[in-house]
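Structure record follows, encoded as structure tokens.
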Ligand SMILES: C[S@@+](CC[C@H](N)C(=O)[O-])C[C@H]1O[C@@H](n2cnc3c(N)ncnc32)[C@H](O)[C@@H]1O
């Protein structure tokens, strides 16, 4: 995909119901039935972009409902960890409707929202931040131009997230920061059990009432389950060339904020 490509508007795949119930749990059906990608590692980027085009209209509202308002707190914590101030340039990758970018910009830095779902970017066009159509695997930015890069609830959706981590490092200046805000694994076992029940049973039901494409939230639940836990993700970040990798848990580990620094010698 190239910057400016109209993903999801080219009539590539219509969105249709693509979920079935198995033993009381909602599961996404095969992607050929509709534009809902697989939750594992073999995601098709066109499915992902089309799926987000489909949820864009009510994306912000659905998030806030499904997270019981925690999304705002998670975004605030991300801004605090990015710690970008006036005079700095920040890339918010997979920014979607730019709700995450607006929060980052409150720190005073110049923040740009980049995403390959033009539907999501369009849903956020009223927000007063620059919006760029961009694929995480081939960013349309020169080397080392950002003081900090961040990605909220996006890395899990990228087809080759190791390559995206390396691409993020490429556009970050030596000594620059990375912050990843992503769903993770609750650390207290009883809480983890309750949370997984919510993810696989209640969340898809609630999404059916509030989302414009509830099937996408079946994918959400499955993709969270398939995602590496905190130490495993930290290892992948380090393997992509980042140093000083660290994380902190939010809401008992439902979300983790991973932080890292680009080596000064790069
Ligand atoms: C769950 S949304 C997160 C949006 C926003 N960051 C937030 O916190 O609300 C995930 C976003 O990742 C984007 N995305 C997934 N793969 C991408 C890729 N390869 N390049 C650019 N954006 C991508 C999707 O289009 C979608 O807008």
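In the numbering used here, the protein residues as written are 2 to 267.
Don't be surprised by glycine CBs; every beta carbon is placed ideally from N, CA and C.
Report task. Would you tell me roughly how many angstroms separate the C-alpha atoms of residue 211 and residue 66, rounded to the nearest one? Result -> 8 Å
Query raised in the report: When the Cα atoms are used, what is the spatial distance from residue 215 to residue 143?
Result: 38 Å
Query - Cβ contact check for the segment 150-168 and the segment 84-94: 3 or more pairs under 8 Å - result: yes
Report task. Go to residue 89, then tell me how far its alpha helix (DSSP H) extends in each direction, as first and last residue. Result -> Per DSSP, residue 89 belongs to no alpha helix (DSSP H) and is neither H nor E.
Query raised in the report: With respect to 7 Å, is the separation between the Cβ of residue 100 and the closest non-hydrogen atom of ligand 1 below this value?
Result: yes
Query raised in the report: Quick check: the segment 96-113 against the segment 78-87, are there 3 or more CB pairs under 8 Å?
Result: Inter-segment contact for the segment 96-113 and the segment 78-87 is present: three or more beta-carbon pairs are separated by less than 8 Å.
**Report entry** Near ligand 1: residue 138 beta-carbon under 7 Å from a heavy atom
**Finding:** Between ligand 1 and the CB of residue 138, the shortest heavy atom gap is smaller than 7 Å.
Requested in this report: Buried or exposed for residue 259, please, with buried defined as at least 16 other CB atoms from any protein chain shown within 10 angstroms of its CB.
Outcome: buried
Report task. Flag this pair as touching only if the segment 251-265 and the segment 173-180 have three or more C-beta atom pairs under 8 Å; answer yes or no. Result -> yes
Report task. Tell me whether residue 121 counts as near ligand 1, meaning its Cβ is closer than 7 Å to at least one heavy atom of that ligand. Result -> yes
Report task. State the Cα-Cα distance for the pair residue 233 and residue 171, rounded to the nearest angstrom. Result -> If I take the Cα positions, the gap works out to 22 Å.
Query raised in the report: With a cut-off of 8 Å, do at least 3 Cβ pairs link the segment 186-201 to the segment 220-228?
Result: yes
Query raised in the report: Taking DSSP as the reference, what is the three-state secondary structure of residue 203?
Result: helix
Report task. Please list, in chain order, all residues of the same chain as residue 64 whose beta carbon is under 7 Å from its beta carbon, the five residues on each side excluded. Result -> 72
Query raised in the report: When the Cα atoms are used, what is the spatial distance from residue 194 to residue 146?
Result: 43 Å
Query raised in the report: What residues match up with residue 182 in a beta bridge as DSSP calls it?
Result: 153 and 258
Query raised in the report: Looking at residue 158 and ligand 1, is the gap between the Cβ and the nearest heavy atom below 7 Å?
Result: yes
Requested in this report: Along the beta strand (DSSP E) that carries residue 246, what are the first and last residues, could you check?
Outcome: 244-251
Query raised in the report: I think residue 125 touches residue 155, with their Cβ atoms under 8 Å apart; what is that distance to the nearest whole Å?
Result: The pair is not a contact, with the Cβ atoms about 14 Å apart (cut-off 8 Å).
**Report entry** Of the listed residues 162, 121 and 122, nearest to residue 139 (C-alpha basis)
**Finding:** 162
Report task. Give the DSSP-derived three-state secondary structure of residue 113 in the structure shown. Result -> strand
Query raised in the report: First and last residue of the beta strand (DSSP E) that includes residue 133?
Result: Residue 133 -> beta strand (DSSP E) spans 132-134.
**Report entry** Pairwise C-alpha distance: residue 181 and residue 256
**Finding:** 10 Å
Query raised in the report: Of the residues 59, 100, 167 and 137, which one's Cα is nearest the Cα of residue 209?
Result: Residue 59 is the option with its Cα nearest to residue 209.
Query raised in the report: Beta carbon of residue 70, beta carbon of residue 217: below 8 Å?
Result: It is not a contact, given that the beta carbons lie outside the stated cut-off.
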